[in-house]
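Under full-length UniProt numbering, the residues of the sequence shown are numbered 1 to 657, in order. Written below as structure tokens is the structure these notes are about.
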Amino acid sequence: MKKFFVTICVFISGLSFAQQTEYVDFKRANGMLNIVLDSSMVKGKVWYNLDMTKSTDSIFLDAVNMTFKNVEISVGDSSTQKLDYSNVDNKIYFKYPFQKNQAYTIYFDYSAKPKQALYFLKRENEPQVWTQGQGKYTSHWFPSLDDVNDKIIFNLSTVKQSEYRFIANGLNTINSPLQDGLVKVSYQMQKPMSSYLLAMVYGKYNKKTKTSKSGIPLEYYYYPEDSLKVEPTYRYSEQMFNFLEEEIGFAYPWQNYKQVPVHDFLYAGMENTSLTIFSDAFVVDEIGFNDKNYVNINAHELAHQWFGDLVTAKSGEHHWLQEGFATYYALLAERDIFGDNYFYYKLLESVLELSRQDLSGNGTSLLDPKSSSLTFYQRGAWVLHALKDKVGDVVFKKAVKNYLEKHQFGNVDTADFISQVEKQYGQSLSHFVNYWIKNKAFPYEEAYDILKRQSTFINEYAMVDCEAKTSKCEEYLKYYVSDEAKVKVISQVPELVTPEVFNNSFKVRQAISEHVTKIPESIKSDYESLLNDKSYITVENALYNLWVNFPLERSKYLSKTRKTIGFSDKNVRMLWIVLNLNTPYYDADNKQVLFDELKGYTAEKYNTDVRIKAFNYLNLMKSCSEECLSNLEKAKSHHNWRMVKFAKELSEKLQQK
1 MKKFFVTICV FISGLSFAQQ TEYVDFKRAN GMLNIVLDSS MVKGKVWYNL
51 DMTKSTDSIF LDAVNMTFKN VEISVGDSST QKLDYSNVDN KIYFKYPFQK
101 NQAYTIYFDY SAKPKQALYF LKRENEPQVW TQGQGKYTSH WFPSLDDVND
151 KIIFNLSTVK QSEYRFIANG LNTINSPLQD GLVKVSYQMQ KPMSSYLLAM
201 VYGKYNKKTK TSKSGIPLEY YYYPEDSLKV EPTYRYSEQM FNFLEEEIGF
251 AYPWQNYKQV PVHDFLYAGM ENTSLTIFSD AFVVDEIGFN DKNYVNINAH
301 ELAHQWFGDL VTAKSGEHHW LQEGFATYYA LLAERDIFGD NYFYYKLLES
351 VLELSRQDLS GNGTSLLDPK SSSLTFYQRG AWVLHALKDK VGDVVFKKAV
401 KNYLEKHQFG NVDTADFISQ VEKQYGQSLS HFVNYWIKNK AFPYEEAYDI
451 LKRQSTFINE YAMVDCEAKT SKCEEYLKYY VSDEAKVKVI SQVPELVTPE
501 VFNNSFKVRQ AISEHVTKIP ESIKSDYESL LNDKSYITVE NALYNLWVNF
551 PLERSKYLSK TRKTIGFSDK NVRMLWIVLN LNTPYYDADN KQVLFDELKG
601 YTAEKYNTDV RIKAFNYLNL MKSCSEECLS NLEKAKSHHN WRMVKFAKEL
651 SEKLQQK
């Protein structure tokens, strides 16, 4: 019998996920987790409530490399009984004569040591644990369903040390002190979501809470030492939340909204339901905000709470319904903050990027599940902008609201959205769909025409072009044109920069630091003033260019910047160390101590950006010592794919030398 059951399970594993959703509706999952830090394991007691829509003799959950025990079932309100199960092919199959229209509860204990999706790290010698389940990965750490079309109400709990926080989807309903400094914590969801959006974070955090106009609690988490970075990191968060609720026309659908930075995250951010996790590289101070802030990522992940979390694409073919919408609505939120010129310039940038992609032969239909991120994000956003231009703001906004209302907590395809627009517009949009969505080529000429029709700023920017140098180019830098146009001129003819050009905005001065690499004596003192700018990018560029151009004054430039660290990747500090090591007569610091500091940044305790920068500098100096090589070898097994790719490529280069 056991052998027969295993055979049946293997057969069922070949069926599509959609077929199981025809038989069973998993309603609610409760998990009491035990996060075992020392062994990088997670254990848990889980119970699932489910309803049967058809009779069948087995159902399953996805469970990658997990072990199970104490598997039981109850029918309706009856007492529990042992449940026959089989754990094969990264699934757990439950064998039982399930009856149509009957409710069941399945209970089990499980344990897993995930190779992905749940990451156990050390940050500043403190433990930090976080998840990243997008795709089909939650089943690596929690028995669940990889099928995005089966939405479940998830509730997670744990017992933790009092000095750490456990943060999960939904509302924190229980904080019960126990003995020995332990605390029981529980989070409850009210509405269902796809399994890939289940998330948790464990670590040392403080919290600041705001409240939206509509009464939604907005929770901003931060490392205890980063209290001065809370405002610049989360700047405009409340404004964007209020804007998106009004612009979308559909109330925020979850109980609260939490944002948590984590160490060495795989991406910029992830829109887990009510719990955005983002890279702590975007935790910035007042100066860092000017160069590399969290605003766009913040807005993008927030928009996903509607587009992706509330309504979820049925398959990869319709992925743009998530990423295109999130990209476009994030841009609308930024427009509310930074103005029209910013908005149209970003749209212009995406037109240029998409046209270059097509020219390289990599353009695809928006409905191709293998499309690039550029296609899903930027082309998807452009489809919405072009559609709004065609049907008008009123029709577009009403259609989006109806789309969300009809399909809330469900799954959608492209036709679901287009049909709502057609209902409001009163005409067929088949030609638009074929041309803007299905067509392999992106209609960049039409997109550019839309921008020129909508924005005088774009027309001015297009007019300013100095690739063929003319007498007008000097005038552009002297008289009023937009900052973006001046940056364009400086990038094309940097030799036209005069002392007067420095009397411009932060953005123009940053362009000078980037493009004026040969510094004439006539602008030397003005160029030196760039070292005072509130921009770590400008300071980094200016320090290097001044050091190269004026070797007799290197000590002055090093002294001026010796206390500047820069971003979280220590961009200015590492450049400063390298320049110091290559300035023999500058003896303000011990050279060996500085070299050891640079080597130390390749160690595992630092994040990916820091390590990559340090490895690159050491390679440039031909000084990747035994310690450096050892850390490079360890980096090949890092959880972050960028680190792994970099380490393997650098190792190959070093072996060829």
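Glycine is no exception: its CB is placed at the ideal position from the N, C-alpha and C atoms. For clarity, every value in this text was computed on a predicted model and none was experimentally measured.
* Take Lys605 and list the residues in its own chain whose beta-carbon comes closer than 7 Å to its own, dropping the five residues that flank it on each side. => Lys122
* If Lys440 and Ser365 are in contact, beta carbons under 8 Å, what's the gap, nearest whole angstrom? -> 5 Å
* Thinking C-beta only, is Gln510 closer than 7 Å to Thr538? -> yes
* Using three-state DSSP, classify Leu266 as helix, strand or coil. => coil
* Closer than 6 Å by C-beta to Asp146: which residues in its own chain qualify, once you throw out the five before and the five after it? Chain order, please. => Asp62, Lys136 and Ser139
* To do: Decide if Ile174 is buried, meaning its Cβ has at least 16 other Cβ atoms within 10 Å, or exposed.
  => exposed
* Starting from the Cα of Asn92, find the closest Cα among Glu126, Leu352, Phe142 and Tyr223 and give me that residue. => For the sequence presented, residue 92 should be read as Ile rather than Asn. Ile92 has its Cα closest to that of Phe142, out of Glu126, Leu352, Phe142 and Tyr223.
* Residues of its chain near Asn362, where Cβ-Cβ distance is below 8 Å and the 5 sequence neighbours each way are ignored -> Ser372
* Phe343, enclosing alpha helix (DSSP H) - first and last residue -> Asp340 to Leu359
* To do: Classify Phe432 as helix, strand or coil using the three-state DSSP reduction.
  => helix
* **Cβ-based burial, Thr211 [other Cβ within 10 Å; buried from 16]** => A residue is called buried once 16 or more other Cβ atoms fall within 10 Å of its Cβ, and Thr211, having fewer, is exposed.
* Within 7 Å, strictly: CB atoms of Gly269 and Phe567 -> no
* To do: Below 7 Å CB to CB, which residues in the same chain sit around Ala251 once its five sequence neighbours on both sides are set aside?
  => Closer than 7 Å at Cβ, skipping near neighbours: Ser214 and Glu245.
* To do: Provide the residue span of the alpha helix (DSSP H) that contains Tyr617, from first to last.
  => Thr608 to Leu620
* What separation, rounded to the nearest whole angstrom, lies between the Cα atoms of Ser491 and Asn155? -> Going by the C-alpha atoms only, they are around 53 Å apart.
* Can you tell which of Leu404, Asn607 and Asn549 has its C-alpha closest to the C-alpha of Asn571? -> Asn607
* Tell me Ala313's beta-bridge partners as DSSP assigns them. => Val412
* If you compare alpha carbons, which of Trp641, Cys624, Lys645 and Met643 is closest to Leu654? -> Cys624
* Asked: Just to confirm, are Asn169 and Thr105 a CB contact at a threshold of 7 Å?
  -> no
* If you count every other CB in all the chains shown that lies within 10 Å of the CB of Lys259, and 16 or more means buried, which is it? -> First, the residue type needs correcting, since residue 259 is Gln and not Lys in the sequence shown. When all chains shown are included, Gln259 counts as buried.
* Do you know offhand how far Asp368's Cα is from Ala614's? -> Roughly 39 Å between the two C-alpha positions.
* So, helix, strand or coil for Glu72, using DSSP? -> strand
* Limits of the beta strand (DSSP E) - the one that Val88 falls within -> Asp84 to Val88
* Could you check what DSSP says for Asn172 in three-state terms: helix, strand or coil? => strand
* List the DSSP bridge partners of Leu182. => As a beta-bridge residue in DSSP terms, Leu182 pairs with Gln161.
* Just the Cα atoms here: how many angstroms apart are Cys9 and Phe98? -> Any reading at Cys9 must be qualified, since the residue scores a pLDDT of 46, below 50, and its modelled position is unreliable; the value itself is stated next. Cα to Cα, Cys9 sits roughly 15 Å from Phe98.
* Counted within 10 angstroms of its Cβ, other Cβ atoms place Ser279 as buried (16 or more) or exposed -> By the neighbour-count rule (16 or more Cβ atoms within 10 Å), Ser279 is buried.
* **Where the alpha helix (DSSP H) containing Ala511 begins and where it ends** => Phe506 to His515
* To do: To the nearest angstrom, report how far apart Tyr85 and Pro253 are at their CA atoms.
  => Rounded to whole angstroms, Tyr85 and Pro253 show a C-alpha spacing of 37 Å.
* Taking buried to mean at least 16 other C-beta atoms within 10 Å of its own C-beta, is Pro261 buried or exposed? -> buried
* Any beta strand (DSSP E) of 3 or more consecutive residues that is wholly inside the stretch 212-297 -> Restricting attention to beta strand (DSSP E) runs no shorter than 3 residues, the stretch 212-297 encloses them at 217-222, 257-262, 269-272 and 275-279, ordered along the chain.
* Asked: Just how far apart, CA to CA, sit Leu543 and Ile512?
  -> 13 Å
* Asked: Would Met32 pass as a contact of Lys45 if the rule is Cβ separation under 7 Å?
  -> Taking 7 Å as the Cβ cut-off, Met32 and Lys45 qualify as a contacting pair.
* Beta carbon of Val489 nearer than 7 Å to that of Tyr476 -> yes
* Asked: Roughly how many angstroms separate the alpha carbons of Asp596 and Glu446, rounded to a whole number?
  -> Looking at the two C-alpha atoms, the distance is approximately 56 Å.
* Work out the CA separation of Lys599 and Lys115 for me, nearest whole Å. => 28 Å
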